[in-house]
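Beneath this line is the structure, given in structure tokens, with notes to follow.
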């Protein structure tokens with residue numbers, strides 16, 4: 014058990030004009046959900062997203078992130094503006110030593126959010142969602 018974190022993207026398929034949606038099991042597919050990234054016990058990142066985009070309410074709910082939100086998260090990661098280790102706590106959240114390793118790879122994690130922002134902006138029918146479970 015532990016803090017599992019997921020960044021997914023929804024690619025909506027419009028159905029107007031001559032466009033027909035593909036089908037699965039006889040039903041039209043309205044969108045595709047893609048797995049953009051996942052993390053395990055990156056509590057500083059989780060706390061930043063929950064505190065900034067969910068008003069501090071941590072109920073493992075879906076948190077919608079706009080392209081500018083994704084860019085802001087990338088900037089916060091690279092500029093080391095994530096909450097301090099002392100501000101990240103929870104039985105399932107991991108250890109400060111692990112968080113320090115994740116912080117050291119900040120450029121890799123920041124690039125994930127920049128790439129997700131670009132992916133969302135390619136077409137106006139896309140969105141990104143963050144969700145954690147523990």
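In the working numbering, the protein residues as written are 14 to 147. Idealized CB from N, CA, C, for every residue including glycine. In this text the structure is predicted, and so the values were computed from the model without any measurement.
Nearest-angstrom Cα separation, counted from residue j out to residue i
i, j, result
"residue 129", "residue 48", "10 Å"
"residue 60", "residue 31", "45 Å"
"residue 111", "residue 137", "37 Å"
"residue 90", "residue 80", "16 Å"
"residue 146", "residue 106", "10 Å"
"residue 78", "residue 140", "7 Å"
"residue 28", "residue 55", "39 Å"
"residue 93", "residue 134", "25 Å"
"residue 123", "residue 117", "11 Å"
"residue 34", "residue 18", "30 Å"
"residue 39", "residue 46", "19 Å"
Residue i, DSSP secondary structure in three states
i, result
"residue 130", "helix"
"residue 65", "helix"
"residue 93", "coil"
"residue 141", "strand"
"residue 81", "helix"
Among the options, nearest to residue i - alpha-carbon criterion
i, options, result
"residue 143", "104, 121 and 86", "86"
"residue 76", "22, 135 and 132", "22"
"residue 84", "125, 96, 29 and 27", "125"
"residue 100", "18, 134, 82 and 58", "58"
"residue 120", "131, 132, 108 and 88", "88"
Cβ shell of residue i (< 6 Å), same chain only, five flanking positions each side left out
i, result
"residue 71", "63"
Contacting residues, own chain, Cβ-Cβ under 8 Å from residue i (five flanking each side not counted)
i, result
"residue 74", "67 and 144"
Supposed contact pair residue j and residue i - C-beta distance, whole angstroms, cut 8 Å
i, j, result
"residue 69", "residue 16", "Not quite, the Cβ-Cβ distance comes to about 16 Å (not below 8 Å), so this is no contact."
Cutoff 7 Å; reference residue i; Cβ partners in own chain excluding five residues on either side
i, result
"residue 44", "23, 24, 25 and 26"
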